[in-house]
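Novice:
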Ligand code: NAD
Ligand code: ZN
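In UniProt numbering, the protein residues as written are 2 to 354.
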């Protein structure tokens, strides 16, 4: 199955399927050397599988730390040194083999090494259906996540869903939150299908999972096509992220993964949508479904409203110091909306345990 991505800077295909990694060999024909960036988990689980399908070319492999620890200045510098030491040039290609963290790091390495060399995404997480599309690549700064980065599109994305089977439950939950987000902002029938068919994240048939990921990527691709550089509607993809980021940034609030934090933010945004637009939707039914899937949806009790408010104001969508939210007028119809302090606070306390 192939999905074509159109952006103003580049068009490229996303190949998605089960056990399609063998297609890699021919697709790497034109490059001089291969630069694989992956992490420790992926190395031990899948590096040998990947290596079976590499063409006979000079290849160097950089193993980054797992997860978010890969997205640091020091790891980035190591990646650049590694590239220089191994003589990579503009005809070399970077292969990002891993989840969103590896995609973000490797993409930023590719975007900046010698002012940009080609890169390819080979995602291994559910979340990566989101992060591998759209061309945002970045590393973190101590003062903020993703604060140093670029818009840089890959040559192609090869998404082999066979890799998803080993994902820990928490990572499944984290990634699936973005699938649910993509449904909420685009299509009530997609959401309905998910709510009817998905009863546990552990038992989604691989073929259904592939279908959901493809749909999620289509939603993102359509938005990115219209607004690659986030001048307007790309912000819709931030549904649930205004509060989500604030929660995620404060690890003290319970060490939430990105998607777990976003899911709490989604429920908050839905409730705000009810307050502001009388959104016709049963949040009660929705959160009971979330509970069955293992999500927490209440705002943690130890979270202080004023501290969170400060974070939300710092959000990139904020206009003149007043937090702007992506709300839903209806399921599938997002809108950017400034929300009154009083409503923000009242809703916050309503959803707090
Ligand atoms: P990740 O890359 O941190 O991976 C999560 C964990 O799962 C890691 O420990 C990893 O080693 C492990 N893992 C990966 N694949 C596995 C597999 N197949 N089997 C077993 N374990 C596996 O996380 P992620 O959730 O994929 O991505 C999160 C990152 O993505 C964040 O840094 C976030 O900022 C970024 N992100 C970027 C965008 C974007 O548009 N660029 C969008 C959303 C999120
Ligand atoms: Zn997200």
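In this text, a Cβ means the ideal position worked out from N, Cα and C, and glycines have one as well.
If you compare alpha carbons, which of 11, 39, 9, 57 is closest to residue 27?
Specialist: Start at 1 with the first residue of the chain shown, and residue 27 comes out as number 26. Considering only alpha carbons, the answer is 57.
Novice: Tell me whether residue 131, by its Cβ, gets closer than 7 Å to a heavy atom of the ligand ZN.
Specialist: Here the question's residue 131 lines up with position 130 in the chain shown. Because some heavy atom of the ligand ZN lies under 7 Å away, the Cβ of residue 131 counts as near it: yes.
Novice: Assign residue 131 to one of two classes, buried (16 or more other C-beta atoms within 10 Å of its C-beta) or exposed (fewer than that).
Specialist: What you label residue 131 is simply residue 130 of the chain shown in a count that begins at 1. Buried is the call here.
Novice: Taking the beta carbon of residue 85 as the centre, do at least 16 other beta carbons fall within 10 Å, making it buried, or is it exposed?
Specialist: Mapped onto the chain shown, residue 85 falls at position 84. Residue 85 should be labelled exposed.
Novice: Under 7 Å: does the beta carbon of residue 128 sit that close to some heavy atom of the ligand NAD?
Specialist: Counting from one through the chain shown, the residue named residue 128 turns up at place 127. Yes, since a heavy atom of the ligand NAD falls inside the 7 Å radius drawn around the Cβ of residue 128.
Novice: Using three-state DSSP, classify residue 141 as helix, strand or coil.
Specialist: Taking the chain shown and counting its residues from 1, one reaches residue 141 at position 140. Residue 141 falls in the strand class under three-state DSSP.
Novice: Identify, in the order they occur along the chain, each residue of the same chain with its Cβ nearer than 6 Å to the Cβ of residue 59, setting aside the five sequence neighbours on each side.
Specialist: On the chain shown, residue 59 is found 58 positions in, with the first residue counted as 1. These residues qualify, in order along the chain: 34.
Novice: Can you tell which of 21, 332, 162 has its C-alpha closest to the C-alpha of residue 193?
Specialist: Counted from its first residue, the chain shown places residue 193 at position 192. Ranking the options by Cα distance to residue 193, first place goes to 332.
Novice: Hey, is the region 134–153 in contact with the region 166–173, meaning 3+ C-beta pairs nearer than 8 Å?
Specialist: The answer is no - the region 166–173 does not touch the region 134–153, with fewer than three Cβ pairs under 8 Å.
Novice: Across which residues does DSSP place residue 341 in a beta bridge pair?
Specialist: In the chain shown, residue 341 corresponds to position 340, counting from 1. According to DSSP, which records beta bridges pairwise, residue 341 is partnered with nothing at all.
Novice: Between residue 9 and the rest of its own chain, which residues show a CB-CB distance below 6 Å, the 5 nearest in sequence each way excluded?
Specialist: Taking the first residue of the chain shown as 1, we reach residue 9 at position 8. Contacts found: 229.
Novice: By a C-beta neighbour count over all protein chains shown, 10 Å radius and 16 as the cutoff for buried, is residue 304 buried or exposed?
Specialist: Here residue 304 refers to the residue found at position 303 when the chain shown is read from its first residue. Under this definition residue 304 is a buried residue.
Novice: Considering only DSSP beta bridges, list what residue 187 is partnered with.
Specialist: Translated into the one-based positions of the chain shown, residue 187 becomes position 186. In DSSP, residue 187 forms no bridge with anything.
Novice: So what does DSSP say about residue 109, is it helix, strand or coil?
Specialist: In the chain shown, residue 109 corresponds to position 108, counting from 1. In this structure, residue 109 counts as helix in the three-state DSSP scheme.
Novice: At a cut-off of 7 Å, would you count residue 327 as near the ligand ZN, judging by its Cβ distance to the nearest heavy atom?
Specialist: Here residue 327 refers to the residue found at position 326 when the chain shown is read from its first residue. Because no heavy atom of the ligand ZN lies under 7 Å away, the Cβ of residue 327 does not count as near it: no.
Novice: The ligand NAD and residue 43: does the residue's C-beta get closer than 7 Å to at least one heavy atom of that ligand?
Specialist: In the chain shown, counting from the first residue as 1, residue 43 sits at position 42. Residue 43: yes, Cβ under 7 Å from the ligand NAD.
Novice: Can you tell me where the beta strand (DSSP E) holding residue 49 begins and where it ends?
Specialist: Taking the chain shown and counting its residues from 1, the one referred to as residue 49 is at position 48. Residue 49 -> not in any beta strand (DSSP E); alpha helix (DSSP H) instead, spanning 41–53.
Novice: Provide the residue(s) that pair with residue 325 in DSSP beta bridges, ordered along the chain.
Specialist: For the purposes of this step, residue 325 is identified with residue 324 of the chain shown, where counting begins at 1. In the DSSP output, where bridge partners are listed per residue, residue 325 has 339.
Novice: Any contact between the region 122–136 and the region 62–74? By contact I mean 3 or more CB pairs, one from each, below 8 Å.
Specialist: Taking 8 Å as the limit for Cβ pairs, the verdict is that the region 62–74 does not touch the region 122–136.
Novice: Just list the beta strand (DSSP E) runs in the UniProt domain "3-dehydroquinate synthase N-terminal" (64–174), keeping only unbroken ones of 3 residues or longer that don't cross its boundaries, in chain order.
Specialist: Entirely contained in the UniProt domain "3-dehydroquinate synthase N-terminal" (64–174), the beta strand (DSSP E) runs reaching 3 residues are, in chain order, 94–99, 120–124, 137–142, 145–152, 158–161.
Novice: For the alpha helix (DSSP H) containing residue 209, name the first residue and the last one.
Specialist: Here residue 209 corresponds to residue number 208 of the chain shown, with the count starting at 1. Element bounds for residue 209: 207–227.
Novice: May I ask whether a heavy atom of the ligand PLP can be found less than 7 Å away from the beta carbon of residue 302?
Specialist: In the structure on display, the ligand PLP does not appear, and the ligands it does have are the ligand NAD and the ligand ZN.
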